[in-house]
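K.L.:
UniProt numbering puts the first residue of the sequence shown at 1, with every later residue one more than the last.
Beta carbons are placed, not taken as given, at the ideal position from N, Cα and C, and that holds for glycine.
Quantities reported herein were computed from a predicted structural model and do not represent experimental measurements.
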Amino acid sequence: MVDRDVTSDPSEQSARSTGAAEDAIATTESYETDDGTVLFDGRNPLAWIQSATTVRLDDAA
């Protein structure tokens with residue numbers, strides 16, 4: 001049986017990762033609180049991030 005969703009082609013996997021990252025970035029929203037900035041998924045507002053340290057998003061991606 002062949003699973004067509006699984007690929008061993010690294011360029012195809014990279015393209016999927018890039019597409020998913022671009023989609024995630026496009027749907028990310030934020031707001032300011034007294035304690036800092038809240039980042040959340042605009043499609044799923046319950047998916048949010050809390051951090052005690054600042055991280056550049058470019059460094060984390």
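Between the C-alpha atoms of A24 and A52, what's the straight-line distance to the nearest angstrom?
P.N.:
Cα to Cα, A24 sits roughly 22 Å from A52.
K.L.:
Which parts of the region 19-61 are runs of the alpha helix (DSSP H), unbroken and 4 residues or longer, counting only runs that do not cross its ends?
P.N.:
57-60
K.L.:
Determine the direct distance from the alpha carbon of T27 to that of R43, and round the result to whole angstroms.
P.N.:
Answer to the nearest angstrom: the Cα atoms are 7 Å apart.
K.L.:
By Cβ distance, which residues of its chain are closer than 8 Å to L39, with the 5 residues on each side in sequence left out?
P.N.:
T28, E29, S30, W48 and I49
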